[in-house]
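Here the sequence shown is numbered in my numbering, starting from 200 and rising by one per residue.
All C-beta atoms in this analysis are idealised placements derived from N, C-alpha and C, irrespective of residue type, glycine included.
Predicted model, so just to flag it, every value in this text is computed and none were measured.
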Amino acid sequence: MIKNFLLALSISALSINLYAVEYTKDLVAKAQKGDAQAQYEVGQLIYHGKGIAKDKNTGFAWMLESAEQGYAPAQVSVGESYHWGIGTEKNRTKAFEWFQKASAQKSPKGTYELSVAYTLGAGVQKNINKGNQLLLQSAELGYVPAMVYLAQAYRTGESESNTEKDLKKSFYWYDKAASTGDKDAMSNLGVMYEEGSGTTQDNTQALKYYLAAAKKGESLSQFNICRFYFYGTHPLKQDYESAFKWCNAAAKQDDYYAKLFLGRMYAQGLGVKKDKTMAIKWYKQVSEEDEAAEYLAANKVK
């Protein structure tokens with residue numbers, strides 16, 4: 200398909216920039232000789248512009264070569280390109296067909312994308328039950344976004360996918376996803392431990408997962424640790440300085456309640472030197488809260 204197009208490019212012309220990302224001419228040579236994995240990797244480099252000029256169309260062409268040889272990761276990428284019309288024309292039917300091919304090879308992501316196609320009726324007749332079956336299959340194959348989606352759906356119940364609320368199943372899938380190191384899953388697992396939702400209430404376990412997620416930069420967990428320190432929630436003792444540190448980290452990521460707490464801490468001098476200017480700065484960002492509104496009004500701030 201690419202044939203005399205990119206395949207005819209000299210190795211030196213294509214590989215100069217590939218060397219910058221530690222790819223050698225061997226990769227290009229393998230791709231030119233028909234190695235499916237190499238074709239996919241070269242396609243990804245060009246598609247995303249990693250160490251070489253970005254060219255979506257050319258990158259897609261390389262990945263299509265790979266996909267037609269049955270390489271599942273390429274089949275998923277080709278499906279995504281057709282789904283969104285990036286690097287090629289938008290064609291949801293073709294996208295569905297490629298996701299189907301990848302799923303037939305037990306591709307976790309391909310199976311997930313196929314589940315979405317059935318659920319939304321994208322390129323195929325809408326079939327919620329089939330979509331749910333494939334979503335579960337993807338999660339069981341270890342695809343973290345599928346695990347998290349299932350956990351969220353079971354946590355609240357979801358009418359669109361006919362998923363009934365089941366906190367134990369929600370906890371199960373958050374736990375599975377958290378075990379892979381997913382920070383959002385760890386954060387939600389911490390909340391479920393703190394609330395006793397789907398499991399026995401356990402603040403120590405909640406804090407364990409909050410800390411793990413917070414260290415990866417997850418803002419809700421950073422705020423929750425701040426809250427534990429601020430109130431002295433078991434197993435922590437009250438420590439305003441530590442509370443300030445964690446709230447400051449969360450607020451920098453635009454966490455709403457962390458901003459409220461920072462306003463309070465600056466206003467009252469808790470864990471930080473009292474500073475009306477800083478209190479006003481943070482309270483202005485959450486001015487709809489009564490506490491913030493009262494402070495701003497008292498200081499004649501509009």
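Do residue 274 and residue 255 come within 7 Å of each other at the CB atom, strictly closer than that value? Stepping through the sequence shown from its first residue, residue 255 is reached at position 56. Stepping through the sequence shown from its first residue, residue 274 is reached at position 75. Against a cut-off of 7 Å, the Cβ pair of residue 274 and residue 255 comes out as no contact.
Could you tell me which whole beta strand (DSSP E) segments of length 3 or greater appear in the segment 387-453? none
N- and C-terminal bounds of the alpha helix (DSSP H) containing residue 270: Taking the first residue of the sequence shown as 1, we reach residue 270 at position 71. Run containing residue 270: none; DSSP gives neither H nor E here.
Give me the Cα-Cα distance between residue 269 and residue 391, rounded to the nearest whole angstrom. The residue you call residue 269 lines up with position 70 of the sequence shown. The residue you call residue 391 lines up with position 192 of the sequence shown. Cα to Cα, the separation comes out at about 42 Å.
Spatially closest choice to residue 481 from 357, 497, 456 and 423, by CA coordinates: Taking the sequence shown and counting its residues from 1, one reaches residue 481 at position 282. Answer by Cα proximity: 456.
Could you give the distance in angstroms between the alpha-carbon of residue 344 and the alpha-carbon of residue 240? To locate residue 344, count along the sequence shown from 1; it is residue 145. To locate residue 240, count along the sequence shown from 1; it is residue 41. Answer to the nearest angstrom: the Cα atoms are 23 Å apart.
Are there 16 or more other CB atoms within 10 angstroms of the CB of residue 397, so buried, or fewer, so exposed? Here residue 397 refers to the residue found at position 198 when the sequence shown is read from its first residue. The residue is buried, with at least 16 neighbouring Cβ atoms inside 10 Å.
So which of 340, 407, 439 and 415 has the shortest CA-CA distance to residue 467? Looking up residue 467 in the sequence shown gives position 268. The shortest C-alpha separation from residue 467 is found at 439.
Go ahead and label residue 294 buried or exposed: buried means 16 or more other beta carbons lie within 10 angstroms of its beta carbon, across all protein chains shown. In the sequence shown, the residue the question calls residue 294 occupies position 95. Buried, because 16 or more other Cβ atoms sit within 10 Å of the Cβ of residue 294.
Work out the CA separation of residue 429 and residue 248 for me, nearest whole Å. On the sequence shown, position 49 is the one that residue 248 refers to. On the sequence shown, position 230 is the one that residue 429 refers to. Between residue 248 and residue 429, the C-alpha separation is close to 46 Å.
Start and end residues, alpha helix (DSSP H) containing residue 492: Reading the sequence shown from its first residue, position 293 is the one you call residue 492. Note, residue 492: alpha helix (DSSP H), 489-497.
Which residue wins for smallest C-alpha separation from residue 329, given the options 284, 360, 377 and 279? Here residue 329 refers to the residue found at position 130 of the sequence shown. Checked all of 284, 360, 377 and 279; the closest Cα to residue 329 is 360.
Give the DSSP-derived three-state secondary structure of residue 288 in the structure shown. Counting from one through the sequence shown, the residue named residue 288 turns up at place 89. Residue 288: coil per DSSP, three-state reduction.
Are the Cβ atoms of residue 408 and residue 389 separated by less than 7 Å? In the sequence shown, residue 408 corresponds to position 209, counting from 1. In the sequence shown, residue 389 corresponds to position 190, counting from 1. Result yes, Cβ atoms of residue 408 and residue 389 sit closer than 7 Å.
Can you give me the start and stop residues for the alpha helix (DSSP H) that residue 331 sits inside? Residue mapping note: residue 331 aligns to position 132 of the sequence shown, counting from 1. 327-339 is the span of the alpha helix (DSSP H), which, as asked, contains residue 331.
Alpha helix (DSSP H) containing residue 171: first to last residue? Outside the shown range of the chain (200 to 501) lies residue 171, about which nothing can therefore be said.
Once DSSP output is grouped into helix, strand and coil, what is the label at residue 357? Your numbering for residue 357 matches position 158 in the sequence shown. It is a strand residue.
Residue burial classification, residue 497 (beta-carbon count within 10 angstroms, cutoff 16): Here the question's residue 497 lines up with position 298 in the sequence shown. Burial call: exposed.
Here's the rule I'm using: 16 or more other beta-carbon atoms within 10 Å means buried, otherwise exposed. How should residue 491 be labelled? Sequence index remark: in the sequence shown, residue 491 carries index 292 (1-based). Buried: at least 16 other Cβ atoms inside 10 Å.
If distances are taken between C-alpha atoms only, which option among 245, 252 and 235 comes closest to residue 272? For the purposes of this step, residue 272 is taken as the residue at position 73 of the sequence shown. Out of 245, 252 and 235, 235 has the C-alpha closest to the C-alpha of residue 272.
Classification of residue 454 by the beta-carbon crowding that lies within 10 angstroms, buried from 16 upward: Reading the sequence shown from its first residue, position 255 is the one you call residue 454. Buried, by the Cβ-count rule.
Let me make sure I understand the geometry here. Which of 232, 312, 237 and 414 has the alpha-carbon closest to that of residue 334? Position 135 of the sequence shown, counted from the first residue, corresponds to residue 334. Nearest option by C-alpha distance: 312.
Option nearest residue 434 by Cα separation, candidates 400, 450 and 443: Reading the sequence shown from its first residue, position 235 is the one you call residue 434. Taking only the C-alpha atoms, the option nearest residue 434 is 400.
Judging by CA-CA distance, which residue of 296, 302, 283 and 318 is the nearest neighbour of residue 358? On the sequence shown, residue 358 is found 159 positions in, with the first residue counted as 1. Closest by alpha carbon: 318.
So if DSSP puts residue 362 in a beta bridge, which residue, or which two residues, is it bridged to? The count along the sequence shown starts at 1 and reaches residue 362 at position 163. Per DSSP, 357.
Are residue 393 and residue 412 touching if we call contact CB-CB under 7 Å? Working through the sequence shown from its first residue, we reach residue 393 at position 194. Working through the sequence shown from its first residue, we reach residue 412 at position 213. No, they are not a contact pair.
Beta-carbon proximity of residue 386 to residue 441, cut-off 7 Å: By one-based count along the sequence shown, residue 386 stands at place 187. By one-based count along the sequence shown, residue 441 stands at place 242. No, the Cβ-Cβ distance between residue 386 and residue 441 is not below 7 Å.
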